[in-house]
Amino acid sequence: MKRVRSAFCIPLRRRAPEPSVFLLLPTAGFYYLLTGLRNPTPFDIPTATSFGQAGQEETIQAIREERIRWVCYWRWEWSLRPARIEAFVEQEMEPVENLGLCTLYRARR
Numbered sequence: 001m002k003r004v005r006s007a008f009c010i011p012l013r014r015r016a017p018e019p020s021v022f023l024l025l026p027t028a029g030f031y032y033l034l035t036g037l038r039n040p041t042p043f044d045i046p047t048a049t050s051f052g053q054a055g056q057e058e059t060i061q062a063i064r065e066e067r068i069r070w071v072c073y074w075r076w077e078w079s080l081r082p083a084r085i086e087a088f089v090e091q092e093m094e095p096v097e098n099l100g101l102c103t104l105y106r107a108r109r
């Protein structure tokens, strides 16, 4: 557990000083617990089924409006991935740093 905390959590806290970061990876809940970061969405697990019909668009809108300014994203290939949010992050946000487990993105200025 200590190795995970130092390898990922400390760099994430250092690079995203805000307490709110959207972790767009299947183990998001675990890393929110380890880092103490706040999930800026109502979705505990960022899967297509968790978002329901409107959740992906609502999350994209929150990023556009900068209510969500930081996303740590790791693209995973499986049927439940939130493809619309992933595409938006890749195309519209600015990558800051690869943290190994995910890449930290920020809203473009």
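Note that full-length UniProt numbering has the sequence shown beginning at 1, numbered continuously upward.
We put the beta carbon where it would ideally sit given N, CA and C, even for glycine.
* Nearest-angstrom Cα distance between Leu101 and Ile60? -> 22 Å
* **Spatial distance of Ile10 from Leu37 (CA atoms)** => 11 Å
* Asked: Does the distance from the C-beta atom of Leu24 to that of Pro46 stay below 7 Å?
  -> yes
* When you compare only the Cα positions, how much space is there between Phe43 and Gly52? -> 10 Å
* To do: Compare the beta carbon distance of Arg106 and Trp70 with 7 Å and say whether it is the shorter of the two.
  => yes
* Local conformation of Ile79 per DSSP, three classes -> Reading the sequence as shown, one finds Ser at residue 79 and not Ile. Three-state result, Ser79: coil.
* Could you check what DSSP says for Ala54 in three-state terms: helix, strand or coil? => coil
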